[in-house]
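Each remark here refers to the structure printed beneath this line.
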Amino acid sequence: MGALASKHLLAIEDLDATEIGTILDIATSFKEVNERTIKKLPTLRGRTIINLFLEPSTRTRTSFELAAKRLSADAINMSGSASATVKGESLVDTAKTLDAMDADLVIIRHAMAGAPQILARCMRASIINGGDGKHQHPTQALLDLYTIRDYFGSFEGLKVGIVGDIAHSRVAGSLLPALSMLGVETVAIAPPTLLPACPEVLGTRVSSSLDDELSSLDVVYMLRVQQERLERSPFPSLREYAGLFGLSVSRLQSMKKNAIIMHPGPINRGVELSSDAADAANNLLLYQVNAGVAVRMALMYVLLGGESDGAVA
Ligand code: CP
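Residue numbers for the sequence shown follow the numbering used here, beginning at 1330 and rising by one.
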């Protein structure tokens, strides 16, 4: 049996706090491997990993591919435009086709919430959710947790504010419950039009004023407005949104000393982050990207039957 109770990671709730801690600990070992000149281990030699990305991605797809290759797995990439889905093949038939090729692990990104659950029902492989619609992005939450723990040393006593388009954010959909599982205080900061219709489903306190909250936050987690998921604009103009909810130069001065800025990427410069905030020394955006490779290596390792000891030779 592997180090996790579930063979899939479909949503962050598939993990408990202990399992999250195990993945982050193993990722620490893999991060050290990623700093070597030769970034390669034989750990998953002979295993087949398929990246099925039916929605665009830079960070997640690339880091899953790198993670698989650094563990010596055979990694295959499939994009929406290069797969038979453009010829009308259904997701279930695509999944059955990949299953017939004996894949060990499939990472899926899809515009439809619940797509990873569909794969898990009709494939023998382990399935990782690489982002499904507005629902969840659990590996983003894991790499965010890794970043926060690494920077502060622990989660104890921290307060995290998640700012922006909460309603359409699968990042918030995974990160809020993950932080709650670890006992971290959170607040969701957004205009009412970018919150769910019933904000209580978030399980956290909600605020509509970044200025009221900023000086008390240890982590200022900024979100991009998901224009691609909006039917009409939820605010009069991007300029007005940036004025109220963007991390401007003056707001940088209001942040707590030692507080950090985080963002899942991609960023929209001049909207949620001013250029100064995007390039600030305490913005860990690129650290998050770097940690993402090690965290995804750790997750592949535990899902494909590894134990928590001896991951790194
Ligand atoms: N954070 C994230 O999911 O980025 P990509 O869309 O580039 O994968």
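The C-beta atom is built at its ideal place from N, Cα and C for all residues, glycine as well.
Please read these numbers as outputs of a predicted model, since none were measured by experiment.
### Task
Please list, in chain order, all residues with a C-beta atom less than 5 Å from at least one heavy atom of ligand 1.
1386, 1387, 1388, 1389, 1593, 1594
### Task
Assign residue 1638 to buried or exposed, taking buried as 16 or more other Cβ atoms, counted over all protein chains shown, within 10 Å of its Cβ.
In this prediction, residue 1638 scores a pLDDT of 47, lower than 50, which makes its location untrustworthy; no coordinate-derived value is stated.
### Query
Secondary structure at residue 1431, three-state DSSP: helix, strand or coil?
Note: residue 1431 maps to coil in three-state DSSP.
### Query
What residue from 1397, 1600, 1437, 1430 has the CA that sits closest to residue 1338's CA?
1437
### Query
Pairing CB atoms from the stretch 1376-1389 with CB atoms from the stretch 1450-1468, are three or more of them under 8 Å?
Contact between the stretch 1376-1389 and the stretch 1450-1468 is present, because at least three Cβ pairs lie under 8 Å.
### Query
Which same chain residues, not among the five before or five after residue 1523, have their C-beta less than 7 Å away from its C-beta?
Annotation for residue 1523: 1493, 1494, 1495, 1496, 1563 place their beta carbon closer than 7 Å to its own, counting only its chain and skipping 5 residues before and after.
### Query
At what residues does the beta strand (DSSP E) containing residue 1490 begin and finish?
1488-1492
### Query
Alpha carbon to alpha carbon, how far is residue 1344 from residue 1555?
27 Å
### Query
Which residues mark the beginning and the end of the alpha helix (DSSP H) in which residue 1541 is found?
1539-1542
### Query
Helix, strand or coil: how does DSSP classify residue 1612 here?
For residue 1612, the three-state secondary structure derived from DSSP is strand.
### Query
Leaving out the 5 sequence neighbours to the left and right, which residues in its chain are closer than 7 Å to residue 1330 when beta-carbon positions are compared?
Here the model assigns residue 1330 a pLDDT of 48, short of 50, so the residue's position is not dependable and the matter cannot be decided.
### Task
Please state whether DSSP places residue 1484 in a helix, a strand or coil.
coil
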